[in-house]
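Mapped onto this note's numbering, the consecutive letters of the sequence shown carry residue numbers 5 to 624.
Read through the structure below, which is laid out as structure tokens, and then see the notes.
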Amino acid sequence: MAARPVSRMLQRVLRSGLRSCSSGAPVTQHRPGEPPQTAAEELSRRRQFLREHAAPFSAFLTDSFGRQHSYLRISLTEKCNLRCQYCMPEEGVPLTPKADLLTTEEILTLARLFVKEGIDKIRLTGGEPLIRPDVVDIVARLHQLEGLRTIGITTNGINLARLLPQLQKAGLSAINISLDTLVPAKFEFIVRRKGFHKVMEGIHKAIELGYSPVKVNCVVMRGLNEDELLDFVALTEGLPLDVRFIEYMPFDGNRWNFKKMVSYKEMLDTLRQQWPELEKLPEEESSTAKAFKIPGFRGQVSFITSMSEHFCGTCNRLRITADGNLKVCLFGNSEVSLRDHLRAGASEEELRRVIGAAVGRKKRQHAEFLLLLQDSPPAIPSIFSQDPFCVQGIRHRVSFSNQKATLWEGGWFPRTPLLAQWRLRSSCPQRHYSSHLDSDANPKCLSAVAQAPATPSGPLPTADQLTHVDTEGRAAMVDVGGKPDTERVAVASAVVLLGSVAFKLVQENQLKKGDALAVAQLAGVQAAKLTSQLIPLCHHVALSHVQVWLELDATRHAVGIRASCRARGPTGVEMEALTAAAVAALTVYDMCKAVSRDIVLGEIKLLSKTGGQRGDFQRT
């Protein structure tokens with residue numbers, strides 16, 4: 005076989021007493037009497053050589069529009085240790101069999117091929133990549149690839165503080181942490197798990213270890229977290245963070261209500277009102293972010309304008325899924341299985357042809373993206389089964405598609421099921437809403453079908469005197485120290501009479517402020533947890549479960565609310581349930597007051613309670 009020609013530059017290098025490694029970068033022969041170079045110094049010098057003598061970019065990673073793809077995202081797993089409301093149901097999603105996922109060696113084989121052809125940045129994603137047991141080893145082996153300048157990771161941050169020292173030592177050079185709220189109770193509600201403080205610990209550990217900037221990805225959703233924009237930006241005053249606000253965007257052909265999205269310009273206007281001195285930073289080539297900085301602040305703020313100002317024209321990204329499919333476009337459905345070619349024994353040249361053909365087919369701009377931009381009006385609802393059902397999880401809009409929607413969260417692209425449906429009742433589409441659905445919940449909790457009235461289990465014994473005053477009539481907290489711990493459950497309700505105009509806007513999810521049911525539900529859950537801070541003589545109760553339902557009643561133009569609280573302890577939870585129902589009702593009023601002030605809140609009452617020395621109670 006004929007020898008490959010050697011460049012004049014490399015010949016000069018060889019004549020100067022050096023030998024070359026497989027990448028073409030020179031490796032110095034140790035001369036007697038000179039101190040040997042450390043491994044870090046040698047690697048740094050070789051990378052400098054590669055930067056100065058970079059080869060022409062690989063043709064097979066350049067598409068028909070001249071876009072050079074130098075950035076590869078590799079999903080290490082489909083699994084996640086959170087259950088974000090907008091990502092997946094509480095019980096999780098079906099996973100690909102382990103045998104069909106890429107092995108560690110297959111991941112490294114593909115990474116080696118891509119880096120050899122021009123990829124200089126790899127980001128590890130998931131699912132949640134830090135739950136993969138060999139993630140540190142994968143980073144370390146990627147770090148050995150010549151020509152790879154950046155190894156990043158996108159994580160939810162739960163395991164970051166524990167693993168980051170090892171990851172940094174292995175060669176991890178960039179970190180993106182997903183965090184959509186700075187309110188611990190809201191965090192727990194959104195992700196259905198505890199862990200807010202672990203995420204914050206991970207952010208501070210990254211700063212402590214010298215990562216700068218530490219990127220924090222925040223998907224902004226109207227009615228859920230757009231009120232926290234200023235709080236996120238304030239973090240950059242003393243911390244080297246790049247807070248990246250991401251426009252909330254579904255795809256896979258999902259019809260979209262623009263009123264749920266907070267646009268880049270709207271967010272920017274909000275920030276400029278607080279910090280008029282906010283200044284724009286130069287945009288990096290192929291960057292998806294528009295960066296800004298407040299003079300004097302350590303960190304910066306960026307906007308990922310995925311919806312309002314797309315960045316298809318400068319896209320340099322390719323993606324490999326956990327099961328080995330190559331995606332050349334985030335919003336496209338076209339995938340090529342590199343796993344199958346690998347396992348069929350394909351050579352490097354055959355893999356190059358497969359990858360090159362896929363990159364060559366990449367469109368200038370994904371067609372469905374244009375449809376999304378044009379398709380803002382809400383759809384006509386389908387008519388579903390008359391069977392009663394409970395809707396699980398937070399719903400960002402009323403969806404009429406039977407397809408699964410796919411949401412973009414700063415590099416993590418999980419599939420989410422249909423989270424809300426419509427049904428026919430009194431010739432009117434009906435929205436239903438529930439914060440949770442556990443095994444012992446009533447399966448007809450949101451049913452339009454009449455249920456049998458509750459029956460009292462006996463009269464509720466009354467005390468001879470008020471329990472929250474002392475013998476002199478002054479306010480006093482009840483001493484529950486001697487009471488036994490028992491299982492306590494309470495259910496309360498409220499009704500908000502909206503009127504026909506406001507009711508229709510809520511029903512069609514067209515309120516300017518956003519989704520009234522989603523916000524009210526969240527407010528009710530938070531209020532239950534904060535009852536002891538709102539009602540002075542209430543004891544703090546460690547709630548084991550809070551559930552809030554909201555149902556539209558077309559016959560009364562009303563929102564019906566039910567709240568259930570559960571705890572094990574020496575005192576009841578009826579105040580928590582009543583507070584949840586009342587605050588949820590107040591929130592519906594707040595969301596609708598711009599439309600009508602003729603809104604009536606009423607029927608706030610305890611429906612049932614169990615546990616405690618005074619017996620159970622159920623209202624008919």
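Glycine residues also receive a C-beta, built at the ideal position from the N, C-alpha and C atoms.
Beta-bridge partners assigned by DSSP to ALA562: LEU501, ASP557. When DSSP reads this structure, HIS549 sits in a beta bridge with ARG570. Beta-bridge pairing by DSSP links CYS222 to PHE249.
DSSP links MET265 through a beta bridge to MET225. If you draw a 10 Å sphere on the C-beta of GLY96, you find fewer than 16 other C-beta atoms in it, and that means exposed. The region 135-146 and the region 99-107 do not touch, with fewer than three beta-carbon pairs separated by less than 8 Å. Under the three-state reduction of DSSP, LYS366 is assigned to coil, being neither helix nor strand.
If you look at PHE307, you'll find it in the beta strand (DSSP E) that goes 304-308. DSSP places GLN514 in the coil class of the three-state scheme, outside both helix and strand.
The bridge partners DSSP lists for TYR75 are LYS125, ARG321. Between ARG343 and the set LEU605, GLU109, ALA598, the nearest pair of CA atoms involves GLU109.
Within the DSSP bridge table, the entry for ILE179 names ILE157 as partners. Comparing C-alpha distances from VAL495 to each of ASP235, VAL592, ALA585, LEU541 shows the shortest one belongs to ALA585. Bounds of the beta strand (DSSP E) holding PHE296 are 293-297. By the 16-neighbour rule on beta-carbons within 10 angstroms, ARG618 is exposed. Here VAL482 is exposed, its C-beta having fewer than 16 other C-beta atoms within 10 Å.
Per DSSP, the continuous beta strand (DSSP E) segment holding SER612 begins and ends at 604-614. LEU146: member of the alpha helix (DSSP H) spanning 139-147, first to last residue.
Rounded to the nearest angstrom, the gap between the Cα atoms of GLU132 and VAL223 is 17 Å. Non-local C-beta neighbours of LEU538 in its own chain, meaning closer than 8 Å and more than five positions away in sequence, comprise ALA531, THR583, ordered along the chain.
Going by DSSP, LYS331 is part of the beta strand (DSSP E) stretching over 329-331. Under the three-state reduction of DSSP, ALA598 is assigned to coil, being neither helix nor strand. One thing to note: MET579 has its Cβ no nearer than 9 Å to the Cβ of ALA520. Secondary structure of SER536 (DSSP, three-state): helix. When secondary structure is reduced to three states using DSSP, ALA348 falls in the coil class, being assigned neither helix nor strand. For GLN525, the secondary structure class from DSSP, reduced to helix, strand or coil, is helix.
When beta bridges are read from the DSSP output, PHE621 appears opposite LYS613. In the DSSP assignment, PHE200 falls within the unbroken alpha helix (DSSP H) covering 200-212.
Annotated as proximal: ALA295 and ASP246, with beta-carbon spacing under 9 Å. Per DSSP, GLU95 is not a residue of any alpha helix (DSSP H), being assigned neither H nor E. Look at LYS190 here: in three-state DSSP terms it is helix. Nearest C-alpha to ALA498 among CYS542, ALA522, SER568: SER568. By the C-beta density criterion, PHE69 is exposed, having fewer than 16 other C-beta atoms within 10 angstroms. Across the set GLU283, MET311, ALA293, THR318, the C-alpha of GLU283 shows the shortest separation from the C-alpha of PHE301. Following the DSSP letters along the chain, one finds LEU171 inside the alpha helix (DSSP H) bounded by residues 164-174. Taking a cut-off of 8 Å for Cβ pairs, the region 162-179 and the region 111-119 do not touch, as fewer than three such pairs fall below it.
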